[in-house]
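Counting from 1, position 211 in the sequence shown corresponds to residue 212 in this note's numbering; the numbering is continuous, with no gaps.
Below: one structure, written as structure tokens.
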Amino acid sequence: MRYLTDYRADRRLHPAELLRTARSIICVGMLYNGPEPRSTEFDEPGRAWISRYAWGDDYHEILKQRLGTLVRELLEIQPFDYKICVDTAPLLERSYAREAGLGWIGKNTCLINQGKGSWFFLAEILTSLELEPGSPAPDRCGTCTRCIDACPTAAITPDGLDARLCIAYLTIELHGAIPEPLRPLMGNHVFGCDICQDVCPWNRKSPVTRDPAFAPRLFAPPLDRLAAITEPEFRAMFRGSPIERARYRGFIRNVCIAMGNQPRQEYRARLEELAHSKDALIAEHAVWALGRGVH
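Structural data, given as structure tokens:
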């Protein structure tokens with residue numbers, strides 16, 4: 002992910018480059034966990050898994066709106082400079098959230114809160130206000146290795162995360178061909194992966210949000226339905242959803258892999274069509290899926 006190491010890398014260490022008058026960072030977390038089963042509990046053949054955070058509306062816009070409301074309320078008390086940041090700004094938000102006391106960074110690199118687990122989005126308000134700092138939360142992962150042991154691609158190690166092996170990276174950030182040795186390990190994941198959070202003991206009793214914005218539009222949709230959509234249908238189906246980030250060709254590439262990992266007779270006709278796609282990326286992964294035993 003070049004955006005982590007390009008010209009924006011140094012800016013991540015200096016919030017004042019985003020807001021010249023910055024003196025404090027207000028860190029917030031917004032819960033998105035739902036009552037639906039975890040990926041590790043779900044076993045319905047022929048269905049796709051979409052990462053929990055992407056089931057509903059795009060959190061970027063939701064958090065910007067909510068933080069905008071908070072800023073307006075604070076401005077009624079006293080004027081100040083501010084900048085709202087939601088994920089896309091070059092900011093080390095997990096590190097700042099840890100310093101603010103929202104939680105600790107787990108072995109799966111997620112921020113974990115002792116009472117709420119890790120199912121929450123992070124966002125920040127850079128402000129010119131001088132605020133009392135929070136206290137970092139202690140690391141409570143201890144000797145637990147459940148996320149390391151459960152990762153299908155061995156992306157999580159005792160030394161950290163190798164993003165090049167992470168299913169979330171492969172299905173969202175990687176725009177080219179997915180390495181063949183990794184494809185069988187991806188299971189039915191077509192956008193993101195929740196396994197390391199699903200097995201985390203701190204998420205065992207994590208609270209559930211009642212915010213309708215994060216309710217699933219499509220919970221574990223059938224793979225054959227996803228494989229049949231056209232590019233305009235993809236844009237219409239996932240407009241205002243994080244899934245737009247994968248783009249149509251990347252999403253269908255992922256669906257082909259999931260079909261190859263669950264070979265069924267009813268997939269063959271559509272995979273043969275995709276194998277003749279003008280898009281070489283889609284065609285390659287459809288051919289791979291056919292070669293996995295779809296007959």
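Built from N, CA and C at the ideal position, the CB exists for glycine as well.
P185 beta carbon less than 9 Å from that of G261 | yes
Same chain only: Cβ atoms within 8 Å of I1, ignoring 5 sequence neighbours per side | There is no way to answer for residue 1, as the model of the chain reaches only from 2 to 296.
S96: first and last residue of the uninterrupted alpha helix (DSSP H) it sits in = 94 to 101
Note down, in chain order, each residue of its chain lying with its Cβ closer than 8 Å to the Cβ of R99, except the 5 sequence neighbours on either side.
-> W105, I106, L112, P137, A138
Simplified DSSP assignment, three categories, for L186 = helix
How big is the Cα-Cα spacing for Y83 and A124?
-> 13 Å
According to DSSP, residues forming a beta bridge with C28 = E125
Look at the alpha carbon of V200 and the alpha carbon of I51, and state the distance between them as a whole number of angstroms.
-> 16 Å
Inter-residue Cα distance where the pair is H176 and R248 | C-alpha separation (whole angstroms): 9 Å.
Determine the direct distance from the alpha carbon of A178 to that of H1, and round the result to whole angstroms.
-> Given that the chain is displayed from residue 2 to residue 296, the structure contains no residue 1 and the question cannot be resolved.
Counterpart residues of I157 in DSSP-defined beta bridges = L162
Sub-9 Å separation of R53 and A221 beta-carbons = no
Assuming C152 and I196 form a contact by the criterion Cβ under 8 Å, report the distance between their Cβ atoms to the nearest whole angstrom.
-> 6 Å
Mind checking whether G193 and F121 have CB atoms under 9 Å apart?
-> no
Between the Cα of I85 and the Cα atoms of F235, I27, E267, P264, which residue gives the shortest distance?
-> I27
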